[in-house]
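One structure below.
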Amino acid sequence: MKSKDFISVADLSRKDFQHILDKSIEMKRDGSGPVLQGKTLGMIFEKPSLRTRVSFEVGMYQLGGNAIYISKDEIGLGEREPISDVAQVLSRYVDLIMARVFSHATVKELAEYATVPVINGLSDLEHPCQAVADILTVYEKKGKLENVTVAYVGDGNNVASSLFLVCALCGANFRFASPEGYEMRESILQNGNRLGAKFMTAKTAEEVVDGADVVYTDVWTSMGQEDEIEQRRKDFVHFQITPKLLARAKNDAILMHPMPVHYGEEFSEELTDCPQSVLIDQAENRLHVQKAIIAELAGETGW
């Protein structure tokens, strides 16, 4: 990798990405063995999570190591003590750090001062582990990634940003539609262009979903945005995934979402238990992808 950390999808070269994908497939198929015996992952959580916590914790266990959960109240990043001190102290105790935080600046500062690898478990800018797990799921269902068309409908948030970047790395087409004012950040678009992104934007959900192989959405309101919930429900009303909208995609299109889902908002109620949904496969693949990333950053495998 270009650095000791995994903070952004843009940290990966195409070769790095392919290695992670291949290693994830191998670990899912064959298991992993105790390659990280005696090693410890420190997990910092400013935001609670089901999938992130359990997949990292179980992943370390399956790799033969240990994981320690550190809550927001226990650590108080930048409040109880400086982020730089936390990073340096944890580096003396653990072999890797995973951080699920509100601000991307926090995970970047952790990486700056830590002497062990730091993994972005989620920030307001990116969700890189989720995106790699998503693209593994697409590969499993479609048998290829080059020129597969991924239609993202909804908020240009951290999930959309990382998915856009990983599509650029693997040669997939990325289409994006959001209400005005909810577009992806310019810095993400610039990184995507640098990676050779095949990118299309549109003003309506129908335009991007037409003929797509993958239809993807996420929550309208993320943690920390609760005071915006009513306004967002109004703004996103025409960007809900419904059976009618999904029918505009290819007949064998898959439906994706990082979970948790709010049925009645980003998904209509009729899509509960939709046969085209691969949401549970996405959630499982977080485990396999993160194991591959952890093993690489801990120095136990080669790119």
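Counting with numbering that gives the first Met the number 0, you get residues 0 to 302 for the letters of the sequence shown. Note that beta-carbon positions come from the ideal geometry of N, C-alpha and C, so glycine has one too.
What first and last residue would you give for the alpha helix (DSSP H) that runs through residue i?
i, result
"alanine 132", "127-141"
"serine 83", "82-92"
"leucine 278", "278-296"
"phenylalanine 55", "50-61"
"asparagine 335", "The requested residue 335 is not part of the displayed model; the chain covers only 0 to 302."
"serine 23", "13-29"
"lysine 233", "228-234"
Which residues share a DSSP beta bridge with residue i?
i, result
"leucine 244", "Partner(s): none; leucine 244 has no beta bridge."
"methionine 222", "DSSP output for methionine 222 lists no bridge partner at all."
"serine 7", "Serine 7 is not bridged to any residue."
"arginine 99", "Phe44 and Leu121"
"methionine 255", "Tyr215"
"leucine 76", "Glu80"
"threonine 39", "Asn65"
"valine 147", "BP columns for valine 147 are empty, so no partner."
If the criterion is Cβ atoms closer than 9 Å, does the pair residue i and residue j meet it?
i, j, result
"alanine 246", "valine 149", "no"
"leucine 244", "glycine 58", "no"
"alanine 297", "serine 23", "no"
"lysine 3", "proline 116", "yes"
"valine 100", "leucine 121", "yes"
"glycine 153", "glutamate 265", "yes"
"isoleucine 240", "threonine 216", "yes"
"leucine 194", "leucine 164", "yes"
"phenylalanine 16", "valine 93", "no"
"phenylalanine 78", "alanine 66", "The residue you asked about is not phenylalanine; residue 78 is glutamate in the sequence shown. Against a cut-off of 9 Å, the Cβ pair of alanine 66 and glutamate 78 comes out as no contact."
"proline 257", "histidine 103", "no"
Between which two residues does the beta strand (DSSP E) holding residue i run?
i, result
"arginine 174", "172-176"
"glycine 155", "First-last for glycine 155: undefined, no H or E at that position."
"lysine 197", "197-201"
"alanine 204", "From DSSP, alanine 204 is part of no beta strand (DSSP E) but of the alpha helix (DSSP H) over 204-208."
"alanine 113", "Segment: none, alanine 113 is in no beta strand (DSSP E) and carries neither H nor E."
"tyrosine 309", "The structure shown does not extend to residue 309, since the chain is modelled only from 0 to 302, so the question has no answer here."
"asparagine 65", "65-70"
Report the rounded CA-to-CA distance for residue i versus residue j, giving the unit in angstroms.
i, j, result
"alanine 176", "valine 53", "32 Å"
"arginine 50", "phenylalanine 44", "12 Å"
"proline 47", "alanine 201", "33 Å"
"threonine 300", "alanine 294", "Note that threonine 300 scores 49 on pLDDT, short of 50, meaning its location in the model is unreliable; the coordinates nonetheless yield the value given after this. Going by the C-alpha atoms only, they are around 6 Å apart."
"isoleucine 134", "isoleucine 74", "33 Å"
"leucine 254", "phenylalanine 5", "27 Å"
"threonine 114", "leucine 95", "9 Å"
"glycine 263", "glycine 32", "42 Å"
"lysine 249", "isoleucine 279", "21 Å"
"alanine 9", "isoleucine 187", "9 Å"
"leucine 168", "serine 12", "8 Å"
"leucine 40", "asparagine 146", "36 Å"
"lysine 27", "asparagine 172", "26 Å"
"leucine 76", "cysteine 128", "22 Å"
"valine 208", "alanine 98", "34 Å"
Count the other CB atoms within 10 Å of the CB of residue i; is the residue buried (16 or more) or exposed (fewer)?
i, result
"histidine 261", "exposed"
"lysine 1", "Only weak support exists for where lysine 1 lies, its pLDDT of 49 falling under 50; the value from the coordinates is given anyway. Exposed, because fewer than 16 other Cβ atoms sit within 10 Å of the Cβ of lysine 1."
"glutamine 281", "buried"
"arginine 174", "buried"
"glutamate 108", "buried"
"tryptophan 302", "Confidence is the limiting factor: at tryptophan 302 the pLDDT is only 40, short of 50, which leaves the residue's position unreliable and the question unanswerable from this model."
"lysine 38", "buried"
"isoleucine 19", "buried"
"threonine 136", "buried"
"histidine 237", "exposed"
"methionine 222", "exposed"
"isoleucine 82", "buried"
"glycine 30", "exposed"
"aspartate 123", "buried"
"threonine 105", "buried"
"asparagine 192", "exposed"
"glutamine 289", "buried"
"tyrosine 151", "buried"
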